[in-house]
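Protein sequence lines correspond, in order, to chains B, L and H.
In terms of the working numbering, the first sequence has 257 at position 136, counting the first letter as 1, and numbering is strictly consecutive.
In terms of the working numbering, the second sequence has 80 at position 76, counting the first letter as 1, and numbering is strictly consecutive.
In terms of the working numbering, the third sequence has 39 at position 33, counting the first letter as 1, and numbering is strictly consecutive.
Contents: one structure, followed by commentary.
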Amino acid sequence: MTPTRVDACHIEGMKSQTDSPIIHVCARGLAPVILIIGLYVFFHGHYSPGGGFQGGVLLAASFLLLRMTLGTQISQLVMPSRLTITLSAIGALIFAGTGLVAIFAGGNFLDYGFLPVPWFDPAYLRNYAILFIELGVTLTVMATLVSIYDDLLEA
Amino acid sequence: MTELMENYNGFLVPAISFIQGYYAYLFLLALFTIGLYAMMMKRNLMKKIMGMSFIQSATIMFWIVAAYKEDATVTVYHQPLGLENPDLYLNPLPHTLMLTAIVVAVVTLGLSFALIVAIYRRYQTLDEPLLLERMQ
Amino acid sequence: MATLELPPRGDVTAPVHQTVNKAGDPVAGAYFIQNAYRDAATPNMVTVILADYRSWDTLGEVVVVFAGGMACYFILRRRES
């Protein structure tokens with residue numbers, strides 16, 4: 122038991138991918154920053170280059186950095202493997218559900234101008250519906266990339 | 005001497021403008037050809053997938069080159085520029101299409117890696133002639 | 007050889023960048039530039055096209071990504087038999 126190791130290595134039964142403390146500290150410091158940048162890219166997609174796909178890939182990069190350095194077992198605390206397929210399906214359902222709500226409100230499929238929020242201008246209604254769409258896209262892309270990595274590791 | 009310079013310029017100026025206008029296409033043509041060569045001639049399945057990734061990159065960058073306009077800015081509405089003149093913004097449609105194509109390319113890569121892992125688990129090889137032999 | 011028939015890089019007079027094509031119909035790229043902010047009140051035109059004009063395309067995209075993840079899961083799953 123060397124004192125320079127990161128604490129997470131000492132948890133019983135949780136083996137880390139690498140023993141180097143430099144890599145551990147760098148990955149643990151970098152992953153939340155990438156997470157914040159991913160959220161920024163996702164939420165700021167209306168006003169600058171960015172959006173759901175790019176934000177989702179950045180969020181997945183944050184989780185995959187933890188997976189690659191700290192090992193699969195410890196990084197389960199951040200993003201459990203069994204949640205990924207469910208999150209992916211939830212993202213696709215958010216996307217399709219926004220379109221279905223527009224159908225029930227009397228418009229065409231995915232025609233956000235008909236969403237049942239009467240005190241909004243249709244243009245601003247589209248503005249907020251785009252945010253929901255991007256949320257679905259982000260969830261699906263992030264969860265699918267993490268899920269593919271997990272499946273490849275497990276094999 | 006002046007005549008020689010004129011002849012020289014008469015050759016050089018069209019050549020430079022040709023390179024300026026078409027170097028992106030020629031580079032992407034080379035990239036696509038490398039990818040096609042890797043997909044057709046290499047025997048290792050992993051190298052074939054690398055060639056497929058080359059071809060995807062070449063196609064995506066070709067569309068991005070097609071969307072480029074001289075002296076145009078990014079496709080975000082800027083108040084002083086206005087919206088009337090479309091020459092001031094890049095063409096947003098190829099960017100959108102390629103944005104989706106990039107994510108599909110990533111998922112395609114992941115899926116092909118999964119298939120390769122399944123093939124290796126079953127046949128213990130990735131070499132194509134050996135694989136065909138073992139499949140008999 | 008077909009490369010030389012293409013418009014040079016950055017050519018503003020290329021057919022894809024015009025407002026109206028030769029048959030007199032509006033061209034999609036210029037239409038999106040001129041109308042995206044009016045239709046959706048969102049400055050980023052790529053986002054508007056991705057999630058509003060071509061949202062059906064993006065829905066297919068998301069379904070493809072989801073199906074890719076599911077296919078990986080079912081290919082690499084350990085069969086208990």
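All residues carry an ideal CB built from backbone N, CA and C; glycine is no exception.
Please read all numbers here as calculations on a predicted model, not as lab measurements.
* What are the residues that DSSP puts in a beta bridge with residue 77 of chain L? -> L/93
* Asked: Within the chosen definition, does the region 70-82 of chain L reach the region 11-19 of chain H through at least 3 CB pairs nearer than 8 Å?
  -> yes
* Asked: Under 7 Å Cβ-Cβ, which residues of chain B neighbour residue 63 of chain H?
  -> Neighbours of residue 63 of chain H on chain B: none; closest Cβ ~10 Å, over 7 Å.
* Any C-beta of chain L sitting closer than 8 Å to the C-beta of residue 157 of chain B? -> no
* To do: Identify whether residue 171 of chain B lies in helix, strand or coil by the three-state DSSP scheme.
  => coil
* CB contact below 8 Å: residue 122 of chain B versus chain H -> In this predicted model, residue 122 of chain B has a pLDDT of only 41, less than 50, meaning its place in the structure is not dependable; the value taken from the coordinates is given anyway. No, residue 122 of chain B does not count as interfacial toward chain H.
* **C-alpha gap between residue 238 of chain B and residue 246 of chain B, whole angstroms** => 8 Å
* Asked: First and last residue of the alpha helix (DSSP H) that includes residue 252 of chain B?
  -> 243-275
* Asked: What residues from chain L crowd round residue 14 of chain H, counting only those whose CB sits closer than 7 Å?
  -> 25 and 26
* Asked: Based on the DSSP output, what are the partners of residue 121 of chain L in its beta bridges?
  -> In the DSSP output, where bridge partners are listed per residue, residue 121 of chain L has none listed.
* Asked: Which residues share a DSSP beta bridge with residue 131 of chain L?
  -> L/48
* Asked: Would you call the region 205-220 of chain B and the region 253-262 of chain B in contact, with 3 or more CB pairs under 8 Å?
  -> yes
* Any C-beta of chain B sitting closer than 8 Å to the C-beta of residue 89 of chain H? -> Because chain H spans 7 through 87 in this model, residue 89 of chain H falls outside it and cannot be assessed.
* Is the Cβ of residue 216 of chain B closer than 8 Å to any Cβ of chain H? -> yes
* Asked: Rounded to a whole number of angstroms, what is the C-alpha to C-alpha distance between residue 155 of chain B and residue 46 of chain L?
  -> 37 Å
* How big is the Cα-Cα spacing for residue 139 of chain B and residue 274 of chain B? -> 16 Å
* Please go through the region 181-229 of chain B and give each complete alpha helix (DSSP H) segment of 4 or more residues, from N-terminal end onward. => 202-225
* Are the region 263-273 of chain B and the region 67-85 of chain H touching, with three or more C-beta to C-beta distances below 8 Å? -> yes
* Looking only at DSSP bridge pairs, what is residue 26 of chain H linked to? -> H/32
* Asked: Is there contact here, the region 111-122 of chain L with the region 52-68 of chain L, by at least three beta-carbon pairs under 8 Å?
  -> yes
* Answer yes or no: does any C-beta atom of chain L fall closer than 8 Å to that of residue 127 of chain B? => The pLDDT assigned to residue 127 of chain B is 46, lower than 50, so where the model puts this residue is not dependable; a value taken from the coordinates is nonetheless given after this. False, the Cβ-Cβ gap to chain L never drops below 8 Å.
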